[in-house]
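Novice: So my numbering is basically just the index in the sequence shown, starting at one, shifted up by 48.
Even for Gly, the Cβ is constructed at its ideal location relative to N, Cα and C.
On a predicted model such as this, the values are computed, not experimentally measured, just so you know.
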Amino acid sequence: MGNDLLDGGNPPSEPISNIVQLVEKLQTHNSNVTIFLEQIAPANSETMTSSLTNNINDFNSQIVSIADSLSTNTSKVIALDMNSNFNESYLADAVHYNQAGAKFIADIYFSGIQSEYASSTSINILPLGDSRVEGNRP
Numbered sequence: 049m050g051n052d053l054l055d056g057g058n059p060p061s062e063p064i065s066n067i068v069q070l071v072e073k074l075q076t077h078n079s080n081v082t083i084f085l086e087q088i089a090p091a092n093s094e095t096m097t098s099s100l101t102n103n104i105n106d107f108n109s110q111i112v113s114i115a116d117s118l119s120t121n122t123s124k125v126i127a128l129d130m131n132s133n134f135n136e137s138y139l140a141d142a143v144h145y146n147q148a149g150a151k152f153i154a155d156i157y158f159s160g161i162q163s164e165y166a167s168s169t170s171i172n173i174l175p176l177g178d179s180r181v182e183g184n185r186p
């Protein structure tokens, strides 16, 4: 979704619509699914124009709203904040995470998962989306 926002500074309406549709399909398939959605991190300062910053801020606020509105009694949708406390040193290039950035993101996911499940609980994880991690590619 970050690529959608960064490519020409498109507004977040289409990626948000796509996320809503995907969440609804997952919930239709499994009414007990827990879904974690990212409030995305910014690109580097050279890439982040005021328009892109506004789009990412708008996208991230909508992620919180749709997480709240799509949660049900049996299916939680949880927003995870990758934007706050994100540091430009976490980037390998303009937009891809380096190893430190990947750890920053993974730690937030781990914390979010830990807050929902006991350590003894067996869970299945299905990651969707593209990876912005460059630090561990061959």
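Which class does residue 128 belong to by DSSP, given the choice of helix, strand or coil?
Specialist: Of the three classes helix, strand and coil, the one that applies to residue 128 here is strand, per DSSP.
Novice: With DSSP as the reference, identify every bridge partner of residue 83, one or two as the case may be.
Specialist: Answer is 125, bridged to residue 83.
Novice: Rounded to the nearest angstrom, how far is the Cβ of residue 107 from that of residue 63, given a contact under 8 Å?
Specialist: Rounded, the Cβ-Cβ distance is 7 Å, consistent with contact.
Novice: Could you work out which residue in 70, 54, 83, 109 is closest to residue 172 when comparing CA atoms only?
Specialist: Here the closest residue by C-alpha is 83.
Novice: Can residue 139 and residue 92 be called in contact, C-beta distance under 7 Å?
Specialist: Result yes, Cβ atoms of residue 139 and residue 92 sit closer than 7 Å.
Novice: Taking just the CA atoms, how far does residue 73 sit from residue 66?
Specialist: Spanning the two alpha carbons is a distance of roughly 11 Å.
Novice: Can you tell me where the alpha helix (DSSP H) holding residue 107 begins and where it ends?
Specialist: 98 to 118 is the span of the alpha helix (DSSP H), which, as asked, contains residue 107.
Novice: With DSSP collapsed to three states, give me the class of residue 154.
Specialist: Three-state DSSP puts residue 154 in a helix.
Novice: With DSSP collapsed to three states, give me the class of residue 94.
Specialist: Reduced to three states, the DSSP call for residue 94 is coil.
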